[in-house]
Structures are given as structure tokens and as C-alpha cells.
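Enquirer: Here it is, the structure, as C-alpha cells.
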Amino acid sequence: MKRFALITATIMPMLGFLSAQSINPACAPKSGLTLKGSPSCSCDSTTGTVTCSQFQICGVGNFDADVALSSQYSATVTCTNNGGQVVEVKTHEVNQNVGEPATQIKNGCLLVPEQQTVAPTTPQLLAAATCPNGNWTPKIKEGTTATLDGFTYTVTFDGLSGCPYITINSCS
């Protein structure tokens, strides 16, 4: 069993992260919905990009939905004071959020558009870093980049706020 876990832990970063998906029928506007295509998200561990695929939910009638993707990133930052003393700090998480309403319905099928987040820029990461005080200068630690810590993707039907029909998360 340990060998399987070690092989899995070694291979998963090469393939991209796996995602956990749940569908909550209690959060559907009506029963008997079907999916055309497969709701899925892929994570590129090299670039930090999270991409959630386009698919359709059929049998919705005229119900629209909200689609949201929120990805969390961090980076290792060093802070240097005027005397040259260096301390290493971890940035607070930086969230990258995208979302849009899914309103395109044809023959009772709602088109759920692709969503994608990208890793934050260096200025965004530095702005999230906390140095001991304003006399310290933050800098991304040499040889490091933003790390994707996780994401949450949801599809929530209008009128059912706080009750996502589809949830996909977990990049680790």
C-alpha cells in the first residue's frame, strides 16, 4: 500500500492535480437533470492555471445559473531591511476569482461556459506579503514562483443561492 501511495504521489504532479467533484440533486431547480459533457477542472502545476471545462446541464427549463471559480495561491517572499538582514515570510493567500452567469439555454439545455484562473502576478504576491514593518523591502524568493494551494468551482442555479448544484475542488 505504501508503494502505491508513493507512486501516486510521484506521478500526480506530472499529470496535473486530480479534482474532487460532487453533484447535489437537492440544489437543482427540478429533478431529472442530465449532463452533456463532463464537468471537470484541470490544474497545471507548472503555470498555476486552473481550467474548468464547458458542458451542458439539460432538463433545466428556463433556469439560469451562476458559475464561479476561486483559486488560492501563495509564494515565499523574503524581506530585507536597510542593514541587509533578510527574513523569509509566506505571503497571505492571494485569491484569483472569475465567474459569470450561465444564461444560454437551447432546447432546455443550459450551456455552462469554461472558466479559468491564472497565477497572480509578482506585484499581487508582494502586496500580500507581510514584512516586519515598512522599512523592510519584500521580494519573491529567488527560484520560487506562485504555488497553487487549491480551488473551488461551483455551479449554482438562480434562486438557490448558497446551495451549489455542482462543486469541484481540491488540487492536492
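Numbered per mature numbering (1 follows the signal peptide of the UniProt record, and there is no 0), the sequence shown spans residues -20 to -1, 1 to 152. For glycine and all other residues, C-beta sits at the position ideal for the given N, C-alpha and C. Predicted, not measured: the structure shown is a model, and the values here were computed from it.
1. Which two residues bound the contiguous alpha helix (DSSP H) that contains PRO103?
2. Closest to THR132 by C-alpha separation, out of ALA48, GLY64, ILE120, would be which residue?
3. Just to confirm the assignment, what range does the beta strand (DSSP E) spanning VAL47 have?
4. For the segment 83 to 101 and the segment 21 to 34, state whether three or more C-beta atom pairs, one from each stretch, are separated by less than 8 Å.
5. Tell me which residue opens and which closes the beta strand (DSSP E) that ASP129 is part of.
6. Can you determine whether any heavy atom of the ligand MG sits closer than 7 Å to the C-beta of PRO81, and answer yes or no?
7. Tell me, which residues are paired with GLN96 by DSSP?
Expert: Let's see:
1. Reading the sequence shown from its first residue, position 123 is the one you call residue 103. First-last of the alpha helix (DSSP H) with PRO103: 102 to 108.
2. Here the question's residue 132 lines up with position 152 in the sequence shown. Taking only the C-alpha atoms, the option nearest THR132 is ALA48.
3. As a working mapping, residue 47 is identified with position 67 in the sequence shown. Counting along the chain, the beta strand (DSSP E) containing VAL47 begins and ends at 45 to 54.
4. yes
5. Counting from 1 along the sequence shown, the entry for residue 129 is found at position 149. First-last of the beta strand (DSSP E) with ASP129: 127 to 137.
6. Summarising the ligand content, the structure contains no ligands, and the ligand MG is consequently not present.
7. Counting from 1 along the sequence shown, the entry for residue 96 is found at position 116. Its beta-bridge partners are THR31.
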